[in-house]
Each structure stands twice: as structure tokens, then as C-alpha cells.
Amino acid sequence: MNIVNKMTGKNEDEYKNKLITAVKKEVKQVMEESVTRKFVHEESGSVTSLCGAVEACLSQGLRRRALGLFKTSSTTALLHKIAKHSPEASNISKKVQEIENLDPNRRSSSSSDSLTKPTLKKNVSLQSNAVFPKYLWIRLALFNKQLAKIIDYLVSNADKYYNSDALVADPDYGSILSSLLVGPCALDYSRTKSQDHFWTDPPADELVQIHRICRCPSTPPSVRKSVVRKPLNASSEDSMAGRSSTQSLAKDYVESLHQNSRATLLFGKNNVLVMPLNSDVSRSIPGYLSLHQMASGLTIKWTPNQLMNGCGEEIADKNVYWDYALQVRLDEIVYVHCHQDVDTGGTVILVGQDGVQRPPIHFPKGGHMLGFLSCIETGLLPRGRLDPPLWSQRQGSNTKRRRPLPALSESEETSKHYVFRIIDNMNPKDILFKRNVLMDTTALLSTKVRVQLGSTSTSSESSSKSFSLDHQNVPDSPPSICIQAVCDSMKRQFISRAFYGWLAYCRHLSTVRTHLSGLVNSKIIHSEGAKEGITPQKWIELYKDEILHDHNEIYRLVYFGGICNDDIRRELWPYLLGHYKFGSTKEQRHELSEETKQAYENTMSEWLAVEAIVRQRDKEKQAKAIAKLSSESMSGDAPQIQRSLSNDVFEDISDTDTSNPEIGSSETSPEKKPLKTKQNTIKYDDDDDEEENKNLNVEKILINGLCEEEIIKNEDVKECTEEELKDFIHNVIVTNPSVDMSVLGSESPRRDHLDAVTEENNSSLDTCIETHGLASPARSACVSPASSNGGIYSQELLETFGLNLHRIEKDVQRCDRNYWYFSGDNGLDKLRNVMCTYVWEHLEVGYVQGMCDLAAPLLVIFNDESLTYACFCHLMERMVENFSNGNAMDCHFANMRSLIQILDSELYELMQSHGDYTHFYFCYRWFLLDFKRELVYSDVYATWEVIWAAQHISSTHFVLFLALALLETYRDIILSNGMDFTDIIKFFNEMAERHDAKSVLDLAKDLVLQLQLLIENK
Amino acid sequence: MAHRKKVLLKVIILGDSSVGKTSLMNQYVNRKFSNQYKATIGADFLTKEVTVDDKNVTMQIWDTAGQERFQSLGVAFYRGADCCVLVFDVTAPNTFKSLDSWRDEFLIQASPREPENFPFVLLGNKVDLEPRAVSAKRAQLWCQSKNNIPYFETSAKEGLNVEQAFLQIAKNALAQQNSAVDLYNEFPDQIKLTNTQKPSGGGDSCAC
């Protein structure tokens, strides 16, 4: 196409030759691609090149003028022209027009074919739509397998459309061109994205889809499970080999039963009958027998027909057939037994080194057995051969087994049996010698064992058994002395191998115990009768007298079966979170609820007061900023804007534009720290003063009732304006300074107490909550501006709380807006109150993004602010570590790493190989939010209650196992795509809220059990 | 056929929470705006293929969490970045004030070879909203003081200037990468563009 259209004299011939050579080259390229990759993508570069080459041939010598073809793409015009005469051309012409009509802006000359590829389109920016500017009709014709015919038509009618010296008109070149294209027209072109074709990685959806299609042969969970136990009879190396061979088996079957780059197909026959050994099927089933030559040697495969005929439906059933499928490496086979009956095509039985028979292979009639054997014989060359040879040694021998082979042909009437030995291409003495020598090297020994363990699906023996059997096979030929030597040597090898295996396993176990035993509870609790979980009937039974007694049973039921509806959740969750005590009476709980509510309201009144101040300050700032902006921009109406804006944003505060609650420099230096800390949770430090204040104050609050909020605001504003005068002297708002000395004094012991609380368990948590009830009024006495006592707000407190307030607001507004509960303001307001109350009480922690997400599901279930708040506090006792800058998260990552190392070494290898990605940052959100963002709401409930129950049943680190289960669910996708750190992050982000929570939970419980068993196994 | 060499540009979007980082990224990559985005936790990224100076490149755009508490995550995500996009909200002065700390934080964590020449781009987002609290002039002054960072005023909601901004980002990222290592491989001519539309760039592209 880039060749200059200069044609003079003999240059013409050269030019035509060039053109046709280009086509040849491109055809070859496409055909090669189709062979090596089993399909050619429509977007493939070689397709484009081919079309280009064809276009060049077709445009050469075209009689444009005579035909009136003046458009830029005259070949497209030519196509439309011949459409009248050629049905193929008219078909393609129609399609071209259809596509061009879809996009009227596009000139026919630059007809892009990107429109034909919807899968691609979303990834391509507008500009790059022009990336494939040409050859639309040639492409379409090619994909529709019409191109050769159209060109054939052109060639046979060349005189109409082409100059006499054109390539198409040339008797030789013309027909060469059309016949060259027959091949590419026979191919199937794919639109599916392949891994290496596009720059962008396939989306998670597609990966899961692809995986589902290829899923049948993939390592099923049972295989994975066994990994943990495998070290019992084989070293970890062996288990790796076993696994990867299963994995490769899967790949082979899906991708390459046919000829491919790695293996040559030597023989293939369908409807070969095999009776699977390890099946409950009583008769032989037909399947596809194939013989492949790979670098490592010959492999015989047999695949049941059920697997060959598409993979679309009844995937579950197919798993069975994958168990039946055979894959036998010929270097494990010593004897080939052939049985020939009169009425069948013959039966071949392969006998391995271990003496184990592979399932008999029954050939249909028609000389296929002979063909198969001869293919084996050919394939064995030059390294090995069949003994006796199939064809070469015609002279008969005495024994039946040494009969010359032509007798195998089916024409013979009688049934016959033959045995062939597969031997290395050396004389028997050499072989024996070689064996003897090699037996002494562990290397060979271990490879052989590994091979046997790894690749035969039928042999379930341990390595020891297969070896002794192998041994017994040997006496056939060699002298007994040698045998003795071999035996001794093997015995030694064997014992040492067993010993080292055992040693490695012990070390492995001790690693597991030291590093991982803390992750699971040592006592294994069984799931009998708990799978149903807490059903309404069960709940009625358990909650008869409105007292929950048997906490262990509750935990067990929740852990193994979950809670079946949200009404029960509302009752039971406070127990699971530790708010209600098991065994408490209805009255006790009611009392607790009242206290909680009281405390919650008091705390709210406190921070609402501060909020008012913060808002006022914000308003000032905003006004200032806008004023500055308007003075910058020199716009005349600045004051107006200012006013209207402040009203907009701060509608809840009356017009006090001039007030300035900002406060000057320090008066009392010790108050530089935020004063508000954990005082609420602890009641013990109170002096008598506080008690008194409390009593007074409680009354006040009760009186104020619902109007409280209003009053606070009003008072606040008033305070501010009063203070204006002193503002520049004081840096604190002092309404009543009497109180906070005690607060300061008691601060540090209180903190210690808090730490103790978080460390201890439920019992102390309950006291903690009780203190909420008692302590809060006490504090509100000190600080609440609702009381006439007033309070002190340090500059820093205002700033800290203000900052948190803004963060909370930003996040609450964005929290699950698509979920019904939060679609209106009501739900969001409640959530905001809960968050603000928590942060007010825990200012040293502050608000961190994600806390909203943790509180939201609780609020949806309880629909009660104070209960949500109390339960959220309990939840945060476990979660707060993750939010702080401490190393809790790193600790999770390290544990994940160890768990994967122990439970899925293959995945671990992949992670190791990508270095970076052992950081496990893709788990960050999982751990931070207890999987809240990964799952839909109903699944979050089910998952959370299991996490809460798990600490009493199986593991205090159940989240780790959940994370592992999530990873394991997609391990095959991760492995087969060789995903790195970024790929995995993207994958899981895209998969968010689309996981099968139930199966992930089950897998997680199973993983816990696996580790428990591993540790228990002393 | 020779395997194409992948030119990957890693772009990090930073800025205070709720300035519109996720929205900008999604507007650019998917041409969609949603008011349903949640606060980003951890990090996420999207990829987009673009043509810059006749070269096809893949942009890997990393969206990060806006709260500084998450900055410790930075090292893992910032490493190997080719361009850093700073975003603030033109209606929220605080988000403008923290730009310095975001920039410094990035330079510390990503530790590029030539910090003074590392490409940043500043986006003033939410220009569709009133009232405006940070003027274009102020932002431009800031940019000038930081070695002439390109500045764009965008609206992720209305898609205003987003395409242009990211094109500039891609250009700067590519320039950065080319200055480091020449990764570019010749492409087969059939995928070459005939007409690359000239991107309008620079700080003067906004109407304000």
C-alpha cells in the first residue's frame, strides 16, 4: 500500500510480484497465527496487514476513470459496483452500508470498523476510533468467508474493471490471488479478547466468565484441601508437583487437545471406549483418545465425549467426567498389552512401572489399535522403541507374546493377545546398568516418584508402595545380584527420604504452630445441628422467658448457620456485640437501654453546642474567603453575595454576621491539649462536686426536653456576642471555669483505665457501658452549655472537633446513598448523630474515613440511634486499631502472608514472585471495614454476625480467614492470569458487592477448621 | 508479529476528601458522573488508552483516599508514578490550603529522581458550584510558585475541561517517562493515526 504507483515497463512485473508476495506473506502470517493460537482475533495486526495487502492488489490497475470511481476508497466503490452481479459481493456491500449508516458522520472512505466491535468500543476514546481507518469491506468479506469468492469474481471479470496490465487481470497473478485467500477465508475469527491482545487487562467480569467456562477441569476445592494434609506422606515439593500437574492438566484439556505449539498430535480417535477405574460407572464410556508428543515425552490422553462436546451446560455434572479423564505419560508405562477379539476393534491395556494397570482402552473396529500402536512406536523414536517391534521383525518366535506383529491386523479370525515392552533404545544390559547407577542418585528416584504421584489420576498408592511394585517388575530380565544391589540401594534411599520428609514436615508444623496457632482457637467445636442457624422457631425456643441463657449455643448457631431475619438480628446483635449480657432479664436490659439513651442524649447536647460554635466560625471564615475573592475579582456587589451565601450555607444560625467567636491567645497554658477526652466512659474519678452537678443538671436537661437544641443555639450565639468584647484577650470560651481542673487532673488515670478496658473482654465492657450511663450526665454537668454552669472550650478543642465534624459530614452524605435507608435525609441525619457522638467521646481517635461504613449497617438493623451508638462503640473496640496509625494493619498482612504460605503454597509462590504484592494492600479495605464494601447489605449482616460469633467458636481472627477465602475463591483466576499487585486490586475493586457471600463464608469456616486440624495433629 | 511494547503511564490523583477525585477519574475514563460515589477507602485505579503525540499509551489512573490518615498507604501506590494530579475544590478554601502538604507528601513518599522536575497538574474542581471561594488567579499564582504547574478548572459533574486536563496529564507523564527511559517501540503503521487532534493545553485553556 505504501508502494509508489509508478509503473513503467518491466517494473510493472516486479511490482505485481511484490504485491503478490506481500499477500503471500500476510496469508502465511494469519495461518500461522491461527495454528499457534487456535484462533485469530478480528483486531489482530496480521488481519489488518492482510487486508492492506489485498487492497493494494485490488487497487492496482483499476479503471477508476472508466468506471466512475472517484471516491478515495475506490475498492469499496468497486464492491458496490459488482454487487449487482455477484451475490457474495452484494451481501458484503449491504453490510458495509449498514455499518456506515450507523455513523452518518463517517465518510465511506475512512469507514472504521470499530463499530463492529462493541466489546472494544468502551475502551477506545473517540479519537482512536480512527485507528483502523481502512479495509472495512475487505475485513467484513474475510470474516464472512466471502473474500476469496469476491476476488474470484473480479478475476474472472477483470476485463470490465481493470486495465489489461493489472494484477487482477493477469492470468497467473489473478488466480494466485484468489486462491491464496481461500485459506484465510476458511478460518474463524474471534472477537473475544485474548490475554495478550489488548493493552488493557480484561475486566473482572470477563475473567470470572472465562474462568467459569474453563472451570470444569480446574482444581476443585477437594484438591486444594488436601494440600494441607499432603505433607503427611510426601514432601512439600511433591505436593507442589501434584498440584501443578493437576493445574496443567486442566489447561491442556481446555486449550490443547489439538495440535499446538507445545505438543504435536500424533494420533487421535473418537469414540474409544474406556471404563474408568475409579468410577461408579459400570460400563465403558466413549471418549476421544489422543497421543501427544511433547518435549518431555509421549502422553496418552483420553477425554470422555461428555467433555468434548461443548462445555456450556450442566457444569456440575461434568466435574464427574473430569475425574474419569485419563492422562498417562508413556515413560511411566512398561508394558502395553493388546487383546484382540473377533468382534471388537481391540483392547489396549497399559501397565505402569508400578505394575498398576491403567483402564483398558477399547478401540472401535477399523484398524485403529494398530494405528495407535504404530504411532506410539514412531513417537518413541529415537529414544525408545517397542519390543518386539511392530513391523520390522517379521520372523516368528516361539512364544505367543513374541509373535510378529502383522498378525495384529483385524483380518485374523482368532482372538490374540500380545505384550509389548517399551524400552529405552539401548540393549537390556545397558539399561540394567544404567538403572543401577541411576538408582543411587536421589535425583532420579525422586523424579520418578514425583511423576507417579503427580500425573496418574488412578494411582492412589503412597510412594512406598509404587516403588516396591516397580521393583517386582524388574526380575523379568536382569540377574539377581544386580537386583539385590538395587534393592539395598533403594531401601537406603527410601528410608533416608522418608526421614527427611518427616523432618521437613515436623519443621513445617512447628512453624505453623509458633506463628499461626494464635489465630485459631485450639478447641474444635462441631457444627452438628447448627447449620440451620437461628430460625424463628429456634429463637422462640431460646428466648422463651426473654432471657438468653446458653451463650455458647447461641454463638454456635450463629456461627454455623447465621440469623435468619432482621427482626431477630435486632434482638440478638446487641448480645453478640456485648452490649446486652447473656442471662440479663428484660428489666435489666430495659434499664440499660434507658441509661444508654440518656447518656447518648446528653453527649449529643454537648457536641451540638460545640457544633454551633464551629459553624459560626466557619461562617466567618467562609465570609472572609469570599470577601477576599470578591475584592480580588473587583466585582462590585461583593457584600450582597456574601450575605446570601452565608444564609444558604448556615441556615440554622441567625444572622450574626458581625460576631466573632474566634478567640485570642492563651490564658491557661495546661489547657493546650484538647480537653475533651474519654471522661464519659469512666465514672470513678468523680468528686462530690460532679455528683452534685449531675443531679442538678439531669433535671435541667429533662426540662429542656426536645427544645434543647434550639436553646443551645440561642444561648450559644448570645454567649458569642457577649464574649466579643473579651475575645481578644482570652483564647478560651469561659462560661464556667470551675469544672475542668478536675477533668485535667483525672485525665491520665482514665486513659489507663480505657486501655485496660479494650484489652479485657466482655465482662469489663459491660461495666464500661454502665459507666456511660452514669458518667455522661456527670460530665455534661461540667461542660454542657445547656446548663447555666456553662463550660470551657479550648481553641484546640473547637478546631479538632470542627475538623472532625466536616469530615463526618462529607462522608455521611456519601454513605450508601443508593441504599433505601440512606436515600432520604432521615437516615443520614441519624448516622451523622451517631458518628458525631462517637467522635466527641473519642476525640483522640477522631473520625477516620470508613467509620461511617461500619456504623451504617448497625443503624439500618436497629433504627435506633442510642442503641446503634452503644453497639458501634463495642464494634470499634476491635476495629479502632485498624483506623489508627499503628501496625494493626501490617499485622493482618503478615498473618495473611503466613496463612497463604501454609494453606496455598502455589498462590504464595506467585505472590513472592511479584515481590511487591506481599504487602497485601488489596486487603486493606476488607480489614478496615470488615468486608462491608465487598458485600451487599444482606450479606454484610450475615458475614458480620459470623465474625462476631467466631471469636467464641473458632477464631478471634476470623476476618483473616474470610480474606483468605475470598482470595482462594478466585485463586485460579489470579494464578492463570499471573496477576500482580495492581491487577489484584483492580480485580477485587471490580468484584465488590458481587461475591457469593455464602460460599465464601463456608470456605472461611472450612479454612479455620483446616488450620485447627493441622495444629491439633501432634 | 512482534509483541507491542506497552507504554504505561501511572497517574496519581491526590487531594482532600470530597474534592471530586473519584468523580474526575470516572468522568474522564467512563464519561459518566454519578452522585452515588462513596468515600474511597484504600485505592482504586482505572485504565484508559489514549493517543498522545501519535503514540498509543495506557493511562493507569490511581484514585486515592482523601483523608491524610491513609497517607501511610502512599508508598505502595505512589511508587513509579509518572504524573501527580492535585485536586482541590474551588468552593472550599481548606482544600486549596492543603495542596502544599499533598505535594510535599507525594514527593517524600514517591521520591522521584528529580523532584523539582516531576510533573504535577493542578485541577480546581467543582466550578459548576456556587459560591466560589478560591479564585483562578490565586490558584495560578500557586502554580507559578511551584515551577509552573499547569492549572485547569474543571467540573467533573459537567465534564468541563476534564478531557483537556487529562490529555495534558498524559503528555506530561509521557514526557517524564521518556526523559527517564525510552520505552517507546515502533508501532506497525496500520495503527498509526492519520489526524491527531491537537489538544488544547496549558493554564490558559479555562474560560475563567
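Here the protein sequences come in this chain order: G and F. Under the UniProt record's numbering, the first residue of the first sequence is numbered 1, with each subsequent residue one higher. Under the UniProt record's numbering, the first residue of the second sequence is numbered 1, with each subsequent residue one higher. By construction, the Cβ of each residue, glycine as well, lies at the ideal position given by its N, Cα and C atoms. Note that the structure is a prediction, hence the values are computed from the model and not measured.
**OP:** Taking residue 44 of chain F as the query, report the chain G residues whose CB atoms sit under 8 Å from its CB, ordered along the chain.
**Re:** For residue 44 of chain F, the neighbours in chain G by C-beta distance under 8 Å run, in chain order, 985, 986, 989.
**OP:** Identify every residue that forms a DSSP beta bridge with residue 89 of chain F.
**Re:** Residue 89 of chain F pairs with F:125.
Original post:
If you draw a straight line from the C-alpha of residue 370 of chain G to the C-alpha of residue 265 of chain G, how long is it?
Top reply: Computed Cα separation, rounded: 17 Å.
Original post:
Could you give the distance in angstroms between the alpha-carbon of residue 616 of chain G and the alpha-carbon of residue 527 of chain G?
Top reply: Near 58 Å, if we compare the C-alpha coordinates of residue 527 of chain G and residue 616 of chain G.
**OP:** Kindly say whether residue 38 of chain F, judged by its beta-carbon, lies nearer than 8 Å to any beta-carbon of chain G.
**Re:** Closer than 8 Å: yes.
Original post:
Would you say residue 800 of chain G faces chain F, with C-beta separation under 8 Å as the test?
Top reply: Cβ-Cβ to chain F under 8 Å: no for residue 800 of chain G.
**OP:** Please name the residue or residues paired with residue 44 of chain F in a DSSP beta bridge.
**Re:** Bridge partners of residue 44 of chain F: F:63.
**OP:** Using 10 angstroms around the beta-carbon of residue 65 of chain G, count the other beta-carbons present and answer buried if the total reaches 16, otherwise exposed.
**Re:** Residue 65 of chain G should be labelled exposed.
Subject >> Residue from G:99, G:380, G:864 whose Cα sits closest to the Cα of residue 574 of chain G >> reply: Selected option, being the one with the closest Cα: G:864.
**OP:** Kindly indicate if chain F contains any beta-carbon less than 8 Å away from that of residue 929 of chain G.
**Re:** With 8 Å as the cut-off, residue 929 of chain G counts as an interface residue toward chain F.
**OP:** Would you decide whether residue 936 of chain G is buried or exposed? Buried here means 16 or more other CB atoms lie within 10 Å of its CB.
**Re:** Classification of residue 936 of chain G: exposed, given that the 10 Å Cβ count is below 16.
Original post:
Does any CB atom of chain F fall closer than 8 Å to the CB of residue 850 of chain G?
Top reply: It does; some Cβ of chain F falls within 8 Å.
**OP:** Would you please verify whether the beta carbon of residue 184 of chain F is less than 8 Å from any beta carbon of chain G?
**Re:** In this prediction, residue 184 of chain F scores a pLDDT of 39, lower than 50, which makes its location untrustworthy; no coordinate-derived value is stated.
Original post:
Can you name the residues of chain F whose CB is closer than 8 Å to the CB of residue 982 of chain G?
Top reply: In chain order, 45, 60 make up the part of chain F whose C-beta sits under 8 Å from the C-beta of residue 982 of chain G.
**OP:** Report buried or exposed for residue 500 of chain G, applying the criterion of at least 16 other Cβ atoms within 10 angstroms of its Cβ.
**Re:** So residue 500 of chain G counts as exposed.
Original post:
Distance, Cα to Cα, residue 567 of chain G vs residue 981 of chain G?
Top reply: Near 41 Å, if we compare the C-alpha coordinates of residue 981 of chain G and residue 567 of chain G.
**OP:** Tell me whether residue 389 of chain G is buried or exposed, calling it buried when 16 or more other Cβ atoms sit within 10 Å of its Cβ.
**Re:** It is exposed - the Cβ of residue 389 of chain G has fewer than 16 other Cβ atoms within 10 Å.
Original post:
Is there a Cβ from chain F that is less than 8 Å from the Cβ of residue 205 of chain G?
Top reply: Not one beta carbon of chain F lies nearer than 8 Å to the beta carbon of residue 205 of chain G.
**OP:** Mind listing the chain G neighbours of residue 13 of chain F? Cutoff is C-beta to C-beta under 8 Å, in chain order.
**Re:** For the C-beta of residue 13 of chain F, not a single chain G residue is nearer than 8 Å; the gap to the nearest is close to 15 Å.
Original post:
If you run the structure through DSSP and keep just helix, strand and coil, what is residue 81 of chain F?
Top reply: In the structure shown, the three-state DSSP call for residue 81 of chain F is coil.
Subject >> chain F within 8 Å of residue 998 of chain G, Cβ atoms only >> reply: Against chain F, the CB of residue 998 of chain G has no partner CB under 8 Å away; the residue lies outside that interface.
Original post:
If you drop the 5 nearest sequence neighbours on each side, which residues of the same chain put their C-beta closer than 6 Å to that of residue 966 of chain G?
Top reply: Around residue 966 of chain G: 1000.
**OP:** Determine the burial state of residue 885 of chain G: buried for a count of at least 16 other Cβ atoms within 10 Å of its Cβ, exposed for fewer.
**Re:** Answer is exposed; the Cβ neighbour count stays below 16.
Subject >> Same chain only: Cβ atoms within 7 Å of residue 869 of chain G, ignoring 5 sequence neighbours per side >> reply: Annotation for residue 869 of chain G: 600, 834, 837, 838 place their beta carbon closer than 7 Å to its own, counting only its chain and skipping 5 residues before and after.
**OP:** State yes or no: is the beta carbon of residue 622 of chain G nearer than 8 Å to at least one beta carbon in chain F?
**Re:** For residue 622 of chain G, at least one C-beta of chain F is nearer than 8 Å to its own C-beta.
Subject >> Short-range partners of chain F found in the segment 814-829 of chain G, where Cβ spacing is below 8 Å >> reply: Taking 8 Å as the cut-off between beta carbons, the residues of the segment 814-829 of chain G near chain F are 814, 815, 816, 817, 818, in sequence order.
**OP:** Classify residue 578 of chain G as buried or exposed, calling it buried when 16 or more other Cβ atoms lie within 10 Å of its own Cβ.
**Re:** By the neighbour-count criterion, in which a residue is buried when 16 or more other Cβ atoms sit within 10 angstroms of its Cβ, residue 578 of chain G is buried.
Subject >> Contact list for the segment 18-32 of chain F against chain G, Cβ threshold 9 Å >> reply: Of all residues in the segment 18-32 of chain F, 18, 30 have a Cβ within less than 9 Å of some Cβ in chain G.
Original post:
Is it right to say residue 994 of chain G is buried, meaning 16 or more other beta carbons lie within 10 angstroms of its own, or is it exposed?
Top reply: Here residue 994 of chain G is exposed, its C-beta having fewer than 16 other C-beta atoms within 10 Å.
Subject >> Beta carbon proximity, residue 9 of chain F to chain G, threshold 8 Å >> reply: With 8 Å as the cut-off, residue 9 of chain F does not count as an interface residue toward chain G.
Original post:
Can you name the residues that DSSP bridges to residue 351 of chain G?
Top reply: DSSP output for residue 351 of chain G lists G:335, G:357 as bridge partner(s).
Original post:
Nearest chain G C-beta to residue 93 of chain F closer than 8 Å, yes or no?
Top reply: For residue 93 of chain F, a Cβ of chain G is located within less than 8 Å of the residue's own Cβ.
Original post:
What residues in its chain sit with their C-beta under 6 Å from that of residue 111 of chain G, if we drop five residues either side in the sequence?
Top reply: No answer about residue 111 of chain G holds up, because its pLDDT of 38 lies below 50 and its placement is not dependable.
**OP:** Below 7 Å CB to CB, which residues in the same chain sit around residue 143 of chain G once its five sequence neighbours on both sides are set aside?
**Re:** Around residue 143 of chain G: 42, 189.
Original post:
At least one CB of chain F closer than 8 Å to the CB of residue 811 of chain G: is that the case?
Top reply: Under the 8 Å criterion on CB atoms, residue 811 of chain G is classed as interfacial with respect to chain F.
Subject >> Proximal residues of chain G, C-beta to C-beta of residue 170 of chain F below 8 Å >> reply: Here the premise fails: no neighbours, minimum Cβ distance about 11 Å.
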